[in-house]
Amino acid sequence: MGDKSDKKARREASHVAIIMDGNGRWASNRGWPRLVGHRKGAERVKQIVRAAPDIGIQWLTIYAFSTENWKRSTEEVLGLMTIFTRYIEREADRIAADGVRMRFIGDRSKLDPKLQRLMAGIEARTANLTRLNLTVAINYGGRDEIARTIRHLAAEVAAGRLDPQAITDQVVSNCLDTAGLPDPDLVIRTSGETRTSNFLPWQAAYAEYEFTETLWPDFTADELVAILARFGNRDRRFGGVVSA
Ligand code: IPE
Ligand code: IPE
Ligand code: MG
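All residue numbers for the sequence shown refer to my numbering, where the first residue is 3 and numbers rise by one.
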């Protein structure tokens with residue numbers, strides 16, 4: 003992408019994380035059931051995944067279902083789970099052909115066994131692919147992830163295998179669901195809400211945030227390109243001073 007000087011002036015967001023919000027409102031605005039919005043949202047995911055590698059994204063992490071989303075009606079929860087199941091079943095060949103490595107974060111033990119099998123299957127099938135790293139957060143909550151990590155580390159300490167003094171940032175990172183993934187550079191939330199809703203609190207500690215009014219079913223690759231351009235002009239200081 004561009005020549006050398008171009009690269010220097012522009013910072014690239016190689017890891018973009020997206021809080022895909024607004025499916026319900028998109029449907030309600032039209033007098034349609036919320037699940038219609040979720041189906042439309044899943045279509046958007048396909049388009050964004052296909053566009054991502056060509057616009058400089060190497061890592062794409064998307065929030066599909068939070069640990070808090072179980073509070074919704076049984077109909078909506080089951081409908082979402084069906085959408086995830088069908089997405090993997092129908093998209094698997096395309097994902098593999100496009101060179102996409104697909105992974106999942108979150109507590110999958112609470113999900114339907116069939117969905118769990120499909121998730122493990124596509125992770126294994128695409129494990130060596132490198133064109134795009136797609137990570138889908140399902141039954142993901144940042145606090146739940148950190149609590150699970152603390153339980154694991156505490157058990158290691160109790161078993162005498164880990165010295166508490168040896169627990170560094172890096173050790174914690176390596177125990178999170180996102181072990182092996184770089185931290186996100188940019189987190190985008192659609193639908194006008196300006197909160198993070200328990201998404202990647204540890205990993206996004208130094209991420210840039212972009213909030214757009216667009217509802218997820220209306221979000222396009224063009225808007226993503228525009229957001230990435232704004233990101234490229236930001237000065238990321240990481241606690242240091244403004245670069246010359
Ligand atoms: C985001 O859309 C998708 C999920 C949380 C699964 P919402 O369903 O939250 O849509 P709104 O916020 O109600 O419009
Ligand atoms: C966040 O959206 C979760 C996902 C996008 C999967 P929500 O719609 O669930 O978040 P709140 O309830 O507005 O915080
Ligand atoms: Mg919402």
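Where is the CB? At the ideal position from N, CA and C, for every residue including glycine.
Sort the options by Cα distance to residue i and report the nearest one.
{"i": "G39", "options": "Y65, V51, T137, E78", "result": "E78"}
{"i": "V102", "options": "A15, E45, Q60", "result": "Q60"}
{"i": "R127", "options": "R133, I148, G144, M104", "result": "M104"}
{"i": "G194", "options": "I57, L188, E215", "result": "E215"}
{"i": "R133", "options": "A99, E125, A122", "result": "A99"}
{"i": "L226", "options": "I97, M121, Q49, R153", "result": "Q49"}
{"i": "T196", "options": "P184, L183, E210", "result": "E210"}
Classify residue i as buried or exposed, calling it buried when 16 or more other Cβ atoms lie within 10 Å of its own Cβ.
{"i": "Q167", "result": "exposed"}
{"i": "S68", "result": "buried"}
{"i": "H17", "result": "buried"}
{"i": "D179", "result": "buried"}
{"i": "Y1", "result": "As shown, the chain starts at 3 and ends at 246. That puts residue 1 outside it, with no answer to give."}
{"i": "I152", "result": "exposed"}
Using the C-alpha atoms, what's the distance from residue j back to residue i?
{"i": "P219", "j": "R163", "result": "48 Å"}
{"i": "F240", "j": "P186", "result": "14 Å"}
{"i": "V189", "j": "E212", "result": "6 Å"}
{"i": "G58", "j": "Q205", "result": "20 Å"}
{"i": "I107", "j": "T84", "result": "18 Å"}
{"i": "A181", "j": "T137", "result": "12 Å"}
{"i": "R88", "j": "T76", "result": "18 Å"}
{"i": "L80", "j": "R119", "result": "17 Å"}
{"i": "L113", "j": "L82", "result": "12 Å"}
Give me, in chain order, the residues of the same chain whose beta-carbon lies closer than 7 Å to that of residue i; leave out the 5 immediate sequence neighbours on both sides.
{"i": "A156", "result": "none"}
What residues in its chain sit with their C-beta under 6 Å from that of residue i, if we drop five residues either side in the sequence?
{"i": "A53", "result": "A223"}
- Message: Could you tell me which whole alpha helix (DSSP H) segments of length 4 or greater appear in the stretch 127-188?
- Response: Those alpha helix (DSSP H) runs which fall completely within the stretch 127-188 and span 4+ residues are 144-160, 171-177.
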